[in-house]
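When we follow our numbering, the leftmost residue of the sequence shown carries the number 13, and every step to the right adds one.
First up is the structure itself, then whatever we jot down about it.
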Amino acid sequence: MKLALVSDSHDNLYFIKKFLGDIKKREVDIIIHLGDIISPFSAREFLKAGKKIISVFGNNDGEIKGLSSLLDIKPFPREIELDGKKIVLYHDPNFNEEKLGDIDFLFYGHTHKKYYIKKGKTIILNPGELCGYLTSLSTYVTLDLKNPIPHFHTL
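Written as structure tokens, this is what we have:
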């Protein structure tokens with residue numbers, strides 16, 4: 013199963029559309045958005061991918077009812093299981109890297125900075141920011157759960 017991890021799109025439709033075009037050629041099965049989609053009109057744009065989308069709320073996601081009516085979006089931390097792998101989703105990186113337990117993957121956003129580390133058996137990833145507002149880079153990650161080597165992409 014191949015994932016596209018994205019965070020902090022902040023209503024930037026230009027980069028949302030570029031992201032959706034880019035993942036078409038990468039055979040992604042599921043999009044995981046790690047918060048700060050912001051508005052329902054941006055969520056509708058993500059839905060045009062025709063892919064399953066799993067998300068968590070970010071600190072700037074104010075239209076909770078509108079986003080919830082469109083997406084599978086929940087507060088963080090959110091635990092999911094895909095292909096037998098235990099995955100925890102955060103927006104704010106307020107977690108303890110030393111107490112990860114049996115988690116296979118921990119994905120988060122909020123900082124707008126790319127991050128990758130393996131702690132024990134746990135892969136910790138931040139795909140950076142899709143919006144490009146703070147770093148001037150629009151980035152996301154693809155990750156195949158069967159061969160979990162993250163690939164960072166810049167749009």
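Yeah, the Cβ is synthetic: ideal placement off N, Cα and C, and Gly gets one too.
Please read all numbers here as calculations on a predicted model, not as lab measurements.
My understanding is that Pro162 touches Leu137, with C-beta atoms under 8 Å, so please give their C-beta distance in whole angstroms. Residue 162 sits at position 150 when you count from the first residue of the sequence shown. Residue 137 sits at position 125 when you count from the first residue of the sequence shown. Contact holds; Cβ gap of about 6 Å.
Rounding to the nearest angstrom, what Cα-Cα distance links Thr151 and Asp20 in this structure? Start at 1 with the first residue of the sequence shown, and residue 151 comes out as number 139. Start at 1 with the first residue of the sequence shown, and residue 20 comes out as number 8. If you take the alpha carbons of Thr151 and Asp20, they lie about 10 Å apart.
Is the region 59 to 69 touching the region 33 to 45, taking contact as three or more C-beta pairs under 8 Å? yes
Give the secondary structure of Pro89 by DSSP, where H, G and I count as helix, E and B as strand, and everything else as coil. Here residue 89 refers to the residue found at position 77 when the sequence shown is read from its first residue. If DSSP states are grouped into helix, strand and coil, Pro89 belongs with coil.
Span of the beta strand (DSSP E) holding Pro160? Here residue 160 is taken as the residue at index 148 of the sequence shown, counted from 1. From DSSP, the beta strand (DSSP E) with Pro160 extends over 159 to 166.
Closest to Phe88 by CA distance: which of Lys60, Ile50, Tyr102 is it? Mapped onto the sequence shown, residue 88 falls at position 76. When only C-alpha atoms are compared, the closest one is Tyr102.
How many whole angstroms separate the CB atoms of Ala16 and Thr154, which I take to be in contact at a CB cut-off of 8 Å? If you number the sequence shown from 1, residue 16 lands on position 4. If you number the sequence shown from 1, residue 154 lands on position 142. The Cβ separation is near 6 Å, so the contact holds.
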